[in-house]
Structures are given as C-alpha cells and as structure tokens.
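Just so we're aligned: 289 in UniProt numbering is position 289 of the sequence shown, and the numbers increase by one with no gaps anywhere.
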Amino acid sequence: MGDELHDPACAGARAPKAVNGDRDAFALTRRSFLGGVAAVGSLAALAACSRLPKQGASIPGSQTSAQTGPAKLAVAISQPAAIDPINVRDAAGLQVVFQLFDPLLRYDFEQAAPVGLAASSFEASDDAKTFTFHLRQASFHNGDPVRSEDFKRAWECIVDPDSVLAKNLGSSQVAHHLSLVDGYQSLRSGAASGLAGLECPDAQTLVVRLSAPYADFPSIAAHPALGPVPASALVDPKGFAAAPVGNGPFRMIGSWDEHAQSIELQRFEAYPSPSEIDAISLGIQPDAERAFREFQIGNLDICDCPITQYEKAKGDRGMSADGCTMEEGARLVLGSELSTYFICCNTTIEPLSNPDFRRAVSLAIDRDEICRSVFKSTRIPADDIIPPHIPGYRRGAWPYARHDPQAAAALLDKIYPKGKDGSRGVKLKLSFNPDGGHKKVMEAIIRDLADVGIDCETDTAESDVLIGRYQNRQYQLAHMDWTADYPIMDSVLFPLFHSSSLQGSNRSGFTSAEVDASINEARTIKEESSRISRFQDANTLIAQMCPIIPLMYFTHIVLGSDRISRLYIDPQTRIHLADATPS
Numbered sequence: 001m002g003d004e005l006h007d008p009a010c011a012g013a014r015a016p017k018a019v020n021g022d023r024d025a026f027a028l029t030r031r032s033f034l035g036g037v038a039a040v041g042s043l044a045a046l047a048a049c050s051r052l053p054k055q056g057a058s059i060p061g062s063q064t065s066a067q068t069g070p071a072k073l074a075v076a077i078s079q080p081a082a083i084d085p086i087n088v089r090d091a092a093g094l095q096v097v098f099q100l101f102d103p104l105l106r107y108d109f110e111q112a113a114p115v116g117l118a119a120s121s122f123e124a125s126d127d128a129k130t131f132t133f134h135l136r137q138a139s140f141h142n143g144d145p146v147r148s149e150d151f152k153r154a155w156e157c158i159v160d161p162d163s164v165l166a167k168n169l170g171s172s173q174v175a176h177h178l179s180l181v182d183g184y185q186s187l188r189s190g191a192a193s194g195l196a197g198l199e200c201p202d203a204q205t206l207v208v209r210l211s212a213p214y215a216d217f218p219s220i221a222a223h224p225a226l227g228p229v230p231a232s233a234l235v236d237p238k239g240f241a242a243a244p245v246g247n248g249p250f251r252m253i254g255s256w257d258e259h260a261q262s263i264e265l266q267r268f269e270a271y272p273s274p275s276e277i278d279a280i281s282l283g284i285q286p287d288a289e290r291a292f293r294e295f296q297i298g299n300l301d302i303c304d305c306p307i308t309q310y311e312k313a314k315g316d317r318g319m320s321a322d323g324c325t326m327e328e329g330a331r332l333v334l335g336s337e338l339s340t341y342f343i344c345c346n347t348t349i350e351p352l353s354n355p356d357f358r359r360a361v362s363l364a365i366d367r368d369e370i371c372r373s374v375f376k377s378t379r380i381p382a383d384d385i386i387p388p389h390i391p392g393y394r395r396g397a398w399p400y401a402r403h404d405p406q407a408a409a410a411l412l413d414k415i416y417p418k419g420k421d422g423s424r425g426v427k428l429k430l431s432f433n434p435d436g437g438h439k440k441v442m443e444a445i446i447r448d449l450a451d452v453g454i455d456c457e458t459d460t461a462e463s464d465v466l467i468g469r470y471q472n473r474q475y476q477l478a479h480m481d482w483t484a485d486y487p488i489m490d491s492v493l494f495p496l497f498h499s500s501s502l503q504g505s506n507r508s509g510f511t512s513a514e515v516d517a518s519i520n521e522a523r524t525i526k527e528e529s530s531r532i533s534r535f536q537d538a539n540t541l542i543a544q545m546c547p548i549i550p551l552m553y554f555t556h557i558v559l560g561s562d563r564i565s566r567l568y569i570d571p572q573t574r575i576h577l578a579d580a581t582p583s
C-alpha cells in the first residue's frame, strides 16, 4: 500500500444502505435485529410502530422462575447471513461469532483498552508498525491446538478473493479490517499468495507488520471476525460455514442454514475459564414484535424492549444503573452504542458551502425534543460526533450541536436576511429513506428550520436511488448514521472527514489540510493519551466547520428474565453470555 492512507476502521453508515458499496471502501450497513434495524446491535426499537400488547399489561419476564436444572438461556436474534468469521457480515452473525470464536484481543470498556483473549500479551514497536502477539495455550472445539498459523490462515482467507473458502462460500465482506496489513493489496489483486505482513516465528507467536503506522491496531485485532480458523475449514468449507469450529467459550451443536429456527450452543468444557451457562439457544425471530411476545410467555430470556413498553418495563423489571449490566432487580438495560444519527451537509454547493449557514442549521434543531417526543427519551441527544463510550469523547465538543434558535437566526440574518414577507429566500431539500422510520424525525427538523426562516421540504427515495445520489453528492441535506467498528476516534474521524475518504464515506465533501494532518499524526502516536489528544484537535477543527450535524446517539433497550442473575451487554451490543451468571 506504500504511503497511501487507508481506512481500517471503516464502519457503516447505518441507514440508508446508500453509503455502502465495495467492502474495501465502505462500511457495514445498518444492522438488523439483535444488531438493530432501529438500533444498531440492539434488541431494541424495532417494534416502535408494531402491534404491541396493551400498555397496562405487565412484563411477564418477571414471572419466570430461577433455574433448577442445567443453566440454559434463550436469546432472540434475527436470521444471520453467515456465522463464521470469514463471511460474517451482519450484527446477528457477529453475535454468534462472538460466542464461538476468540480473536487475539477483546476490547474492555471498563478499562477503555484492548486486553488479551486468545493472546496473553502483545507488544508494539516504537514506530507503531509492528505488533507481536503471544498466544495462550488453547484448543479448537475439535481438540486441535490453536496456533499462530491458524490466525494467519484466517486473515489470509478473509483478504484473498481466490482462497478455498472464498471459492466455495464467496469473497469475505470484512476484508477492510485488514487493509493496513503489509501485502494487503498484493493479496487482493492476486499478485501474492499470502499476506507479507504476517509471520509465525513459532506456534505461539504472531507478528503483524503494517504498511503504515497505526497505533490503534490492537483495537482492530479485537474484532470478532478476526478469530482463528482451523485447517479443517479448508477441507470442508461448506461444513465449516454451517457448523463453525471455533476456539471460544461455546461450541456449536448441530448445524445452521437459512431455514434454521435456532442456533444451539453448548459450553466448551476445555475453555480456559468455562462459562457458568451450560447451553445457549439463539432463537431466530422474524421481527422484534414476535420476539417480545415470546419473551412475555417465557420462551425467551433476552429480547428487545419496545419503546411503548419502556416505562412499564422500568417499573416491572428495574433499570440497569450503568446501561450495560443486567442484574437482580435491574433487568432492563438502556445503553448507548457506538452509533451516531446525523444530518450530512453537502458542503460543495450553496448555501451549504457556507460554514455559518451550516452552523445555523445545527443550532436550529431541537435534539432534546426529538429524543423526547419521537423516541420517548430512549435516545441520547448528540453533542459530539464521537459517541460517549469512545475514549476521547468530550461533552459539548461540538459547540453548535445545541438548540439555540436565536443564535441561528442571528447567523442567518448576516447572510440571508429576511425580506418583507418574512422569507429568507432559502429553500432546501432533506433526503432520507422513508422505509427506515425516520419520517417523524425529519418532520421535526423541517419545523425547527421553518422557525428560523429556512424553507425545507422532504426528498424521499429508496436506498438504491439514494446510493447514487450520495456518492455523486446530488443532495443538499441527508439523513445518515455512522457506527464505529472499533471504539477509537479514528473509526469515526478518518472515514467521515479525511480527504482520503472522499470517494468512500466522506459524503459531505469536507476537506481540510489541517484536519488531515492532525489525523495522520494521531495515527502514529504510540502513547494513548497523546494520541487521543491529537485526534481531539482534529475533532475540534471539524466541529467548528459543521460539515455534518450530529443529532443523537443510538441506544439498545434489552429485557432479561429472572433466569439471569447477572449479564453484561457492551456498547457494541455484544452479549457476554460466557460471563453471565444464572439465577
């Protein structure tokens, strides 16, 4: 890749799918159920407009009793597209992979850092280009030892479109995670047979060389899709896809296909610290409405809480104090995610090429009211493009992401003063996909803009149409979402605002040499606090220019039954079933 900049942290604009395309350039799409169709990775918000039980009904999950036999939990997921780490492409699949496979590291949100998982330790070179991982003694579910070559095999299968697995199952959709590994482009193009940047000095050591400095690489190495693959997967690729053999805390029982009604997992007894949960049944549900009904009659232990049931559930189930931990007396979890809902400004055309106009638009919008009236206070107003669980988030970092219509009008008076008829002579179109449940939000924004003298109308189209418009910047204002693949600032700032991303996810057309320089330098800084500070410098510059308008952070709303004594759901909405405590 030479000195060319790449975006390994390319997550996906969640909706519409318009911001997706080639996986090397674009991000994961809006996640579906248990990976959110209305809330990324969550079991939440899907049923906001569905037929639901009467408001006065109790939440029967509270009526289930503690388990007296083997500890088994039933969890709702949607139908995944794939459940192996090579082909996983949606949040439902990632939830399965998270239980079956251990990558080198796992991001610990309490420590705000990646920690050892399959690797017991790792070192980074001073130039942030070489990372050495030391593996624990462990085995796959079939008894084979986990060796460094199993990680090398897995990563090369992800990148190589001509690998045995790709030829049988299709090219991997998650290759972008490894775009900074030396030799990536050569393997993708067929000029090489392996990744030059991967070395296995011995069975317990994996050395990763990058083509450019990237101090946050350990956070990438914690992604669930980057777990090891046993040699047997190459012998029977289709068998591996149907019943993946992993190294994680649970193993598959039986197999899965598109017609399966559930995915059955059993505790892996040879795991270094076996779970207290004996078995997991991942029940495949067609929608959140059905899942909630199954929870009500006691068939599920973990499911979505519809917005309309939220207040009732708080009283019946008790509210989690930290937004992550479900425990006795507090089995309703409302937690923020690594996802931001925003309005993207086309900065290449008037009047949105004027920063003061963009600032005025941002100041005109009442985020608190939208979260309160549309989402019943289950969303969080955004005051930074960086979500709160990412180190480097600062409260109020985007000074124009607040409701101040007087300040908005004052800015507009300087550039588009009102005429005798009270009009400013400005007309805008706000583009969005009408199928995503965004209409009420967009209508609220249009009312807010009207209050400061901006005439705005809706511009709706299907995702396929919006794809072309957004890629060619044929829009004025547009609803978009962003989900960071990793809890690092680069996973937001580089894809959305770096000039290298103009042909990818930088849909606003924003460019700044100073911002580019700050991000480029931050990527190379090994010491974490200094690295975050430099990213914050870039974020401060971007915030002043308002190329996008942050509106709110997505959340997950998850209900648990009395069969759960303690369960952790992280801000990436991954359910830590292996660490759960049964009642």
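Yeah, the Cβ is synthetic: ideal placement off N, Cα and C, and Gly gets one too.
By the neighbour-count criterion, in which a residue is buried when 16 or more other Cβ atoms sit within 10 angstroms of its Cβ, A321 is exposed.
For a cut-off of 8 Å, the C-beta gap from Y568 to H576 is around 4 Å, short enough to register as a contact.
Between M480 and F342, the CB-CB gap stays under 8 Å.
W482 has T340 as its beta-bridge partners, per DSSP. DSSP links Y107 through a beta bridge to P114.
8 Å or more divides the Cβ of D301 from the Cβ of R469. At a Cβ-Cβ threshold of 8 Å, M552 and A382 count as neighbours. Among the bridge pairs identified by DSSP, V75 is matched with L282, I302. The three-state reading of DSSP puts T511 in coil, since its state is none of H, G, I, E or B. Within the same chain, and ignoring the five residues on either side of K376 in sequence, the residues whose Cβ sits closer than 7 Å to its Cβ are I307, Y310.
Under DSSP, A119 shares a beta bridge with L135.
Judged by DSSP secondary structure, D455 falls within the beta strand (DSSP E) whose first and last residues are 455-460. For the pair R402 and L363, the CB atoms are nearer than the 8 Å cut-off. The distance from the Cβ of Q572 to that of L428 is about 35 Å, inconsistent with a contact at the 8 Å cut-off. Residue burial is scored here from C-beta neighbours: V164 has fewer than 16 other C-beta atoms within 10 angstroms and is therefore classed as exposed.
Cβ atoms of E149 and L187 stay farther apart than 8 Å, at about 16 Å. If you draw a straight line from the Cα of D570 to the Cα of A410, it comes to about 42 Å. In this chain, M252 is not harboured by any alpha helix (DSSP H); it is covered by the beta strand (DSSP E) spanning 250-253. Scanning its chain for C-beta atoms nearer than 7 Å, with the 5 sequence neighbours on each side dropped, one finds around H389 the residues F109, S336, L338, P487, P571, in chain order.
Note on the stretch 384-462: whole beta strand (DSSP E) runs with a minimum of 3 residues are 427-432, 455-460, in chain order. The beta-carbon distance between P405 and D451, rounded to whole angstroms, is 6 Å. This is short enough to meet the 8 Å contact definition.
Boundaries of the alpha helix (DSSP H) around D150: 148-159. Around the beta carbon of K167, fewer than 16 other beta carbons sit within 10 angstroms, so the residue counts as exposed. Sequence-distant Cβ neighbours of R147 in its own chain, meaning closer than 6 Å and more than five residues away, are A203.
Contact annotation: P80 and P224 have beta-carbon atoms that are not nearer than 8 Å. One alpha carbon belongs to D413, the other to I454, and they sit about 11 Å apart.
I446 is a Cβ neighbour of L430, given a cutoff of 8 Å.
Beta-bridge analysis with DSSP links V207 to T132, E199.
Contact annotation: R523 and Y214 have beta-carbon atoms nearer than 8 Å. Here the alpha carbon of D126 sits roughly 44 Å from the alpha carbon of V75. Closest by C-alpha distance to R290, out of C303, D278, A279, is C303. Scanning G170, L169, V515, L206 for the CA closest to the CA of V181 turns up L206.
When rounded, the separation of the alpha-carbon atoms in K314 and G560 is 12 Å. For Q471 and Q503, the gap between their C-alpha atoms comes out near 8 Å.
When rounded, the separation of the alpha-carbon atoms in R534 and Y400 is 21 Å. Remark: three or more beta-carbon pairs, one from each stretch, lie closer than 8 Å, so the stretch 115-124 and the stretch 98-105 are flagged as touching.
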